[in-house]
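Residue numbers (my numbering): 2 to 130. Note that beta-carbon positions come from the ideal geometry of N, C-alpha and C, so glycine has one too. Notes follow once the structure below has been shown.
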């Protein structure tokens, strides 16, 4: 009985395909997870004004735009100071808009204030008494 080399080729292509699927999975799942979390927070979250205190460029690219990790500081209704992070792809307008020191409007989850989502127009809220 002779060794069938074609099985070795099948194994090679199978391993390459599995590696590519694993890579695709690790690239796509964080974005899907963040989208689901932000959707839930937008529905049930509490709106607040927040300040951008830090902006850091990540190694990711989304739609030919670099992805930045933005750190926000805000106070919950209970008066607790919270710092939360969110990743966003930013073009040049977004880069200027989300500079440290600027204010934005966001929603946070009352059970876990680290879970945040930006308002669609993300302009500061005008809150009444």
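For residue j and residue i, the rounded distance between their alpha carbons
| i | j | result |
| --- | --- | --- |
| residue 57 | residue 109 | 21 Å |
| residue 130 | residue 47 | Unreliable positioning characterises residue 130 in this predicted model, as indicated by a pLDDT of 44, which lies under 50. The coordinate reading is nonetheless provided below. Those two C-alpha atoms are separated by around 16 Å. |
| residue 33 | residue 10 | 34 Å |
| residue 42 | residue 4 | 58 Å |
| residue 50 | residue 40 | 19 Å |
| residue 106 | residue 72 | 13 Å |
| residue 119 | residue 14 | 43 Å |
| residue 77 | residue 22 | 41 Å |
The beta strand (DSSP E) enclosing residue i, as first and last residue numbers
| i | result |
| --- | --- |
| residue 73 | 66 to 76 |
| residue 82 | 82 to 90 |
DSSP beta-bridge partners of residue i
| i | result |
| --- | --- |
| residue 52 | 74 and 104 |
| residue 63 | 66 |
| residue 109 | 47 and 117 |
Short Cβ contact (8 Å threshold) for residue i with residue j
| i | j | result |
| --- | --- | --- |
| residue 99 | residue 53 | yes |
| residue 117 | residue 85 | yes |
| residue 101 | residue 55 | yes |
Where the alpha helix (DSSP H) containing residue i begins and where it ends
| i | result |
| --- | --- |
| residue 96 | 93 to 98 |
| residue 39 | 6 to 45 |
Contact belief for residue i with residue j at Cβ below 8 Å, rounded distance in angstroms
| i | j | result |
| --- | --- | --- |
| residue 88 | residue 70 | 5 Å |
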